[in-house]
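A.B. asks: Residue numbers (my numbering): 39 to 216. Quick reminder that beta carbons are idealized off the backbone N, C-alpha and C, glycines included. Computed from a predicted structure; not experimentally measured.
(1) Extract the residue ranges of the beta strand (DSSP E) inside the region 82 to 129, only unbroken runs of 3 or more that lie entirely within it.
(2) How is residue 80 classed by DSSP in three states: helix, strand or coil?
(3) Between the C-alpha atoms of residue 93 and residue 165, what's the straight-line distance to the nearest angstrom?
(4) Skipping 5 residues on each side, what residues in its chain have a beta carbon closer than 7 Å to that of residue 123?
(5) Spatial neighbours of residue 75 within its chain, please: C-beta separation below 7 Å, excluding the five flanking residues on both sides.
(6) My parser needs the beta strand (DSSP E) runs of 3 or more residues fully inside the region 125 to 200; what are they?
(7) One question on the structure: do residue 49 and residue 132 come within less than 8 Å of each other, judged by their Cβ atoms?
(8) Taking the alpha-carbon of residue 230 as reference, which of 210, 44 and 161 has the nearest alpha-carbon?
(9) Mind the definition here: the region 82 to 102 touches the region 165 to 184 only if three or more C-beta pairs lie below 8 Å; say whether that holds.
This is the structure:
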């Protein structure tokens, strides 16, 4: 799917001036509920968070210049949210990418109660993982979870808040439904 999107954007970019610099980040989640498995892919700085037992179990790693500098040891324990040029991407659809998309090579087993959050940088830059976990614990359903995080983000009152989008998926806590 990411390859198809990349091809489509590459075809459209030269068509008009307004599309010349068109680019996008992407995060995909594929669930096989019959087998109780999940697989995901991403490119850019949109993230997927996998929660197990209401804690961040795993998350995707940004395709950004800051992330490359973290890997190189230029930054050590800094939070990427606080670093300069954190939004400069090293890979994304339609960009001159230095890094290819990341695709999970092996599906993971789901457990009852697992939750997934797919979100843009506008959300994760303003809400730390511990706040995501707290919102998850307080929520009765995925909609509540997203509303708690949106309320937290908007309460910060940042004058130049980036736009944000998020999608939440919960795996049924009932093993028979998995």
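C.D. replies: In short:
(1) Runs found: 85 to 90 and 93 to 97.
(2) As a first step, residue 80 is located in the chain shown; it is residue number 42 there, counting from the start. Strand at residue 80.
(3) Indexing the chain shown from 1 puts residue 93 at position 55. Indexing the chain shown from 1 puts residue 165 at position 127. Spanning the two alpha carbons is a distance of roughly 14 Å.
(4) As a working note, residue 123 is residue 85 in the chain shown. Listed in chain order, the non-local C-beta contacts of residue 123 below 7 Å within the same chain comprise 103 and 104, local neighbours out to five positions each way being set aside.
(5) By 1-based counting over the chain shown, the position of residue 75 is 37. When the five nearest sequence neighbours on each side are left out, the beta carbons in the same chain lying within less than 7 Å of the beta carbon of residue 75 are those of 145, 146, 147 and 148, in order along the chain.
(6) DSSP runs (the beta strand (DSSP E)) wholly in the region 125 to 200: 153 to 157.
(7) Within the chain shown, numbered from 1, the residue matching residue 49 stands at position 11. Within the chain shown, numbered from 1, the residue matching residue 132 stands at position 94. Not a contact, by the Cβ cut-off of 8 Å.
(8) In the structure displayed, the chain extends from 39 to 216; residue 230 sits before or after that span and is not available.
(9) Pairwise C-beta distances place the region 82 to 102 in contact with the region 165 to 184, as three or more of them are shorter than 8 Å.
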